[in-house]
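The structure appears right after this line, and notes come after that.
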Amino acid sequence: MARTVARVIVDALEELGVRQVFGVVGDALNPLTDAIRTTEDVEWVGCRHEEVAAFAASAQSQLSGTLGVCMGTVGPGSIHLLNGLYDAAKSRTPVLAIAGQVPLAELGSDYFQEVDNDALFSDVAVFRATITSPDQLPQMLEAAVRNALGRKGVAVLTVPGDLGDRELSADRSARFSLSAPVSRPEESAVRRAAELLDRAERITLLVGRGARAAREDVLTLADRLAAPMVLTLKAKEGFEGETNPFQVGQTGLIGNPAAASALHDADTLLLLGTDFPYRDWYPQGRTVIQVDTEAAHIGRRVPVEVGLVGDTGATVRDLLGHLAATPAGAEGARDRSHLENARKSFAQWRAGQARLADPAHDKGLVGRVRSALDNRGHDIRPEALAAVVDRVAEDNAVFTSDTGMATVWLSRFVEMRGERRLIGSYNLGSMANAMPQALGAQCLDRQRQVVAFCGDGGLSMLLGDLMTLKASRLPVKLVVFDNRRLGMVKLEQEQAGLPEFGTVLDNPDFAAVATALGITGIRVTDPDQLEESVRRAFSAPGPVLLDVLTNPDEIAVPAKPTVEQGWGFAVAKVKEIVRSHGDTGGH
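Taking the UniProt record's numbering as reference, the numbering of the sequence shown is continuous, increasing by one, and the terminal residue is 587.
Put into structure tokens, the structure is as follows:
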């Protein structure tokens, strides 16, 4: 008996090892969801919003390195996928989206809910196509999957509503054989890069996600070059912890002074597997060598002396083979003072941050003075919350973080030691991603601890899918940094000398909302109860929402604060005070 279009697609997903498909049922998807219903090894996870479905599929793909799958039905259902799919595309992770469409005979007639999916997804997808005949399968599905996996992007396959239950006239199993290539740069380019590194006196590595699979090779190179290692946010996973004696944290707005100095004090920068986008944070006039698998990434952020296009691990091993045993002009081993100075500065910065994160900080003399200026309500410091979570969470936990201040506190106070994993919207910069990505991560392994660092603005944007966590019995721990603000926007306004405007959020008691939905809700307002509350939340079975009222006026000082930024904050605060005194309604 010949199979239907829906059965061919779902059987292929099962063969590919896809275990969950995320979406909202209806219309053109009905034949597909019915095929999933009768397939033992593929689970349908019904979400309340398709954006959540796409974020969840993207998270699964990023964690597993394989295909994530989501579905959206005709018109609005498919449109709702877009933001999560853009996040997958910017994260360069393979996701297959099945989009519904009106019946074939109605295409082009401006039918109810008709949307041109091939045009809609043209910017986000590396492959997009509409099935117009059952006999286009399985070839069209194979092309979609190969493009998603091979090009590390989004593939969208549109299925009209009257095609899903039609049978193929010539059926066969889908074939997805695809091997991952390992590329190497030309030897002459490697030799040139090695010569520059041999002549350099102070080298700093900027290491990104693309180097994570080559951790041991990168550590060996850092040791050979006596180079401090600045990490991008995505490189926290794989390079943080006491087993890496070279790392000095992150640069950029979420970074620290040690990392900024390590970059600016170097005469040579070696970029490994990163396309770090913030040009203002690169020092000027340095010799730059860049290693990346994508030729288009070479030199697009900072001028590059030598670009090495290839796999990071293979390229680093080639470099190690060409480096001289003794640097040019040196009488013995390479001078390690640049590394030692950077590590000393990093240790001092971390000690200062640890003092800030101590829940008892505000009870000391310095803390009381500081609180009188920036925490008159005696709210919980977000640094303290992040530090407690770091202590309590398991060493193989999966963390997700909302874009904004939640990511700042995670980046500074949560260490990706052991087998911890980290997912966030770190390229697209979307709000509301942490909870949906945690949902997808927990579906992969219901026994593994999954922790979402949620901003109150982000959580409330897609609040409805708390019900999905409950319905699917997913034991995600949601840590809500409830500062009643769009915190990053507030920071941006004040840095520019503008008074805070439009950022105040009239939040509900999120813990009470969670309780009403059948989820364990815990609300924390007292700093003295913080650690006990976090431990209680993390030990409770099932999903838990920990609503922590944090200080809305907390400032994350950039790695290189400028006079202009300081002046902007001062002007903004004066304006806010004047407005507050003149506004009997307050804010």
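Backbone N, C-alpha and C fix where the C-beta goes; we use that ideal spot for every residue, glycine too.
Assignment of phenylalanine 121 by DSSP, reduced to helix, strand and coil, places it in the coil class. Taking a 10 Å sphere around the C-beta of asparagine 256, we find 16 or more other C-beta atoms and assign the residue as buried. The beta carbon of alanine 512 sits closer than 7 Å to those of Gly521, all from its chain and outside the five residues before and after it, given in chain order. For leucine 422, the three-state secondary structure derived from DSSP is strand. Annotated as proximal: threonine 204 and alanine 342, with beta-carbon spacing under 9 Å.
From the listed residues Gln348, Leu491, Asp275, Gly518, the smallest Cα separation to glycine 404 is found for Leu491. DSSP places serine 337 inside the alpha helix (DSSP H), whose first and last residues are 337-357.
For lysine 152, the secondary structure class from DSSP, reduced to helix, strand or coil, is coil.
Classified as exposed, tyrosine 278 has fewer than 16 neighbouring CB atoms from the shown chains inside 10 Å of its CB. For aspartate 162, same chain residues with a beta-carbon under 8 Å away, outside a window of 5 residues either side, are Pro103, Leu104, Ala105 in chain order. In this structure valine 45 does not touch serine 425 by the C-beta definition: roughly 20 Å separates them, more than the 8 Å allowed.
Between alanine 406 and phenylalanine 481 the beta-carbon gap is near 5 Å, inside 8 Å, which marks them as a contact. With the rule of 3 Cβ pairs closer than 8 Å, the stretch 268-275 counts as touching the stretch 287-295.
Under the three-state reduction of DSSP, proline 160 is assigned to strand. Between the stretch 388-403 and the stretch 204-214, the count of Cβ pairs shorter than 8 Å is below three; the stretches do not touch. The stretch 130-146 makes contact with the stretch 176-187; the number of CB pairs closer than 8 Å reaches 3 or more. In the DSSP assignment, glycine 238 falls within the alpha helix (DSSP H) that extends over 236-239. Counting the other CB atoms within 10 Å of its CB gives methionine 1 a total below 16, which places it among the exposed residues. Look at the stretch 50-84 and you find these whole runs of alpha helix (DSSP H), each 4 residues long or longer: 50-64, 76-79. Apart from sequence neighbours up to five positions away, the residues of its chain that approach valine 306 with a beta-carbon distance below 7 Å are Ala189, Arg192, Ala193, Leu196, Ile289, ordered along the chain. Per DSSP, aspartate 292 is one residue of the beta strand (DSSP E) stretching across 287-292. The beta carbon of aspartate 456 is closer than 8 Å to those of Val480, Phe481, Asp482, Asn483, Arg484, Arg485, Leu505, Asn507, Phe510 in its chain, skipping five residues each way along the sequence. Secondary structure at threonine 33: helix, using DSSP grouped into helix, strand and coil.
Ranked by how close their Cα comes to the Cα of asparagine 117, the residues Gln136, Arg146, Ile79 have Ile79 in first place.
Taking 8 Å as the upper bound for CB-CB distance, arginine 3 and aspartate 171 are in contact here, some 5 Å apart. By the neighbour-count criterion, in which a residue is buried when 16 or more other Cβ atoms sit within 10 angstroms of its Cβ, proline 76 is exposed. Counting the other CB atoms within 10 Å of its CB gives threonine 38 a total below 16, which places it among the exposed residues.
Beta bridge pairing from DSSP links methionine 229 with Leu205, Gln247. Look at serine 401 here: in three-state DSSP terms it is strand.
When the alpha-carbon of alanine 351 is set against those of Gln113, Arg412, Phe246, the nearest one is in Arg412.
About 16 Å separates the beta carbon of valine 230 from that of alanine 200, a gap too long to meet the 8 Å contact definition.
Arginine 381 and valine 544 have their alpha carbons spaced roughly 21 Å apart.
Burial check for valine 10: the Cβ neighbour count within 10 Å reaches 16 or more, so the residue is buried. Apart from sequence neighbours up to five positions away, the residues of its chain that approach aspartate 465 with a beta-carbon distance below 8 Å are Cys47, Arg48, His49, Val52, Met435, Pro436, Leu439, ordered along the chain. Under the three-state reduction of DSSP output, glycine 440 falls in the helix class. Glycine 153 places its beta carbon 9 Å or farther from that of phenylalanine 121.
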